[in-house]
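If you're matching positions, the sequence shown starts at 905 in my numbering and goes up one per residue. No residue lacks a Cβ here, since even glycine has one placed at the ideal position from N, Cα and C.
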Amino acid sequence: TKLLEVVANTETVLAIELMSAAQALDFIHPLKAGRGVEAAHAEVRRHLAFAEADRLFHNDIQTALNLVRRASLVTAAERESGKLS
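Printed below as a string of structure tokens:
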């Protein structure tokens, strides 16, 4: 149905945004984000390596999509900073 297609597309956009945000956080080193963001970033990096150069990102997007669907980033952030509302 149309709704499921919209949800799937939104999840894919979130996965790509997640990859972009993780890459951006790597560029601000040695500055740090908040504890929850740093924990979520570490969780991303456990599954996705820093992109040193341009390459095919299909597999990375699928991995990021799984992270979005499992909500493991929320769990990692909550471990560090407490329950998120």
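Residue i to residue j span [Cα, whole Å]
i    : j    : result
T979 : L907 : 27 Å
A955 : I932 : 15 Å
E986 : A946 : Checking the displayed sequence, the identity of residue 986 turns out to be Gly instead of Glu. Their backbone Cα atoms lie some 17 Å apart in a straight line.
Residue i vs residue j beta-carbon contact at 8 Å
i     : j    : result
A1000 : V972 : The displayed coordinates of the chain run from 905 to 989. Any statement about residue 1000 would go beyond what the structure contains.
L922  : A981 : no
Status (buried if at least 16 other CB within 10 Å, exposed otherwise) for residue i
i    : result
L929 : buried
L935 : exposed
V911 : exposed
L988 : exposed
Nearest candidate by alpha-carbon position, reference residue i, set the options
i    : options                : result
Q966 : D958, R950, A946, T916 : T916
V941 : L977, T914, N913       : L977
Any non-hydrogen atom of the ligand HEM closer than 7 Å to residue i Cβ
i    : result
T916 : Summarising the ligand content, the structure contains no ligands, and the ligand HEM is consequently not present.
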